[in-house]
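Here is the structure we will look at, set down as structure tokens.
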Amino acid sequence: PLAAHIRLDAATLAKTWDLVYLPGGMGSAAVCREDARVQELVERQLTGGRSLAIICASVTALVPRRLGAGRTVTSYPGVRDQVEPHVAAWRDQPVVVDGTLTTSQGPGTALALGLTLARQLAGDEVAANVAKAMLTRLP
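Note that this note's numbering gives residue 294 to position 120 of the sequence shown, counting from 1, and the numbers run on in steps of one.
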């Protein structure tokens, strides 16, 4: 199992993060939408001009505080109707980058999302080397 290296309470108290990533799945999406600590972390990340990545149904976490207003996103197609009214545009694409917000559709697009984030955080050369080692291409 995947274990967190830091508890959510500590994460929300930290001053800054280079990137905050919200995992997908319906259970995670519910937590991301309903937990005030997650909502605070997401809002601070976006309003601070720092990177936020969200995959799958967890894109619905943008809805409660209207954090998707003016943004172009993608999400798991099954939650499109929950997301689309609250964003500038919804795109049926594996990964969508809008400024510091990067969204992805779901499990099948996770590799493309990971490589996109590698490019954002470490640069083209590192991302290209990772893609090559994984026998794939950069998105």
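Don't be surprised by glycine CBs; every beta carbon is placed ideally from N, CA and C. Here the structure is a predicted model, which is why all the values come from computation and not from measurement.
Between the alpha carbons of Gly-222 and Asn-303 lies a distance of about 30 Å.
Inter-segment contact for the segment 196 to 212 and the segment 259 to 276 is absent: fewer than three beta-carbon pairs are separated by less than 8 Å.
Residue pairing by DSSP places Thr-248 opposite no residue, since no beta bridge is assigned to it. Inter-residue distance for Glu-299 and Arg-293 is about 8 Å (C-alpha atoms, whole angstroms). Rounded to the nearest whole angstrom, the CA to CA distance from Tyr-250 to Lys-189 is 30 Å. When Cβ pairs closer than 8 Å are counted between the two stretches, the segment 209 to 217 is seen not to touch the segment 260 to 273, the count staying below three. For Gln-219 and Val-237, the gap between their C-alpha atoms comes out near 15 Å. Put simply, the backbone Cα of Ala-204 is about 22 Å away from that of Pro-268. For Ala-301, the three-state secondary structure derived from DSSP is helix. Classified as exposed, Ile-180 has fewer than 16 neighbouring CB atoms from the shown chains inside 10 Å of its CB. Closest option to Thr-248, judged by alpha-carbon separation, among Arg-240, Glu-217 and Gly-280: Gly-280. Burial of Arg-207 is indicated by the presence of at least 16 other C-beta atoms within 10 angstroms of its C-beta. For Thr-277, the uninterrupted beta strand (DSSP E) run begins and ends at 275 to 278, by DSSP.
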